[in-house]
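Worksheet: the structure to be examined is printed underneath.
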Amino acid sequence: MYPRTLKAANALLYASSTLLIIAAVVYCAMYKDMPVWQIWSAVALCIAGTVWGLYYVTLRYRVTAEGISRHVYLRCTQRLLWSEVARAELEESEAQGIASCHIILHPHSGAPLRISSDVLHLDDVQELAGDLRTIGLLPAADKTSETDTPEQPAS
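Everything in the sequence shown is counted per this note's numbering, starting at 415 for the first residue and increasing by one.
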């Protein structure tokens with residue numbers, strides 16, 4: 415397993431949304447005739463929007479040979495060594511042409527770590543699942559081929 419960092423798939427969208435929220439509040443505060451309570455409400459909503467956006471902009475999963483760690487707001491919020499994983503689950507689905515992949519790592523004690531393609535790049539999550547299969551935390555993938563056809567009875 416080679417070291418890598420998994421980042422939010424839409425980090426740029428979250429960053430630009432946060433900047434637009436800040437710009438809108440600054441514009442309203444500077445150029446609109448608004449009561450003070452509305453300005454303070456806008457500032458409070460701006461802070462909430464900034465916290466929301468920065469969460470996804472700073473979200474990182476660092477994968478190493480020793481384990482995986484989750485980082486938010488530039489600090490480590492959860493660390494899990496591979497030796498501490500009691501069991502791992504892989505949930506793959508496809509709905510309306512959109513594939514989804516979730517890895518849930520259950521430690522011997524503590525909260526599980528969920529790695530999801532809802533936030534991360536699908537290819538990154540699937541690649542991590544392949545690595546977890548290699549080290550034995552996930553069972554081997556089914557190798558049924560779509561090109562296999564049932565045998566036709568002889569006439």
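Note that the Cβ used here is the ideal one computed from N, Cα and C, for glycine as well.
Using the Cβ count rule (16 or more neighbours within 10 Å means buried), how would you classify residue i?
i: S507; result: exposed
i: G524; result: exposed
i: Y416; result: exposed
i: Y470; result: buried
i: A422; result: buried
i: A456; result: buried
Measuring CA to CA, which of the options is closest to residue i?
i: D545; options: L534, R528, A479, G463; result: A479
i: S530; options: R474, G463, A438; result: R474
i: V533; options: I549, G550, T472, A500; result: T472
i: R484; options: I461, A555, V440, L420; result: L420
In whole angstroms, give me the CA-to-CA distance for residue i and residue j.
i: A443; j: L527; result: 41 Å
i: G481; j: V450; result: 50 Å
i: I517; j: D537; result: 13 Å
So, residue i versus residue j, is the Cβ gap smaller than 8 Å?
i: L519; j: A543; result: no
i: L504; j: L552; result: yes
i: G571; j: Y428; result: The requested residue 571 is not part of the displayed model; the chain covers only 415 to 569.
task = Determine contact between the segment 489-505 and the segment 428-445, defined as no fewer than three beta-carbon pairs at a distance below 8 Å.
result = No: the two stretches stay apart, fewer than three of their Cβ pairs being nearer than 8 Å.
* Are three or more beta carbon pairs between the segment 500-514 and the segment 470-490 nearer than 8 Å? -> Result no; under three Cβ-Cβ pairs closer than 8 Å.
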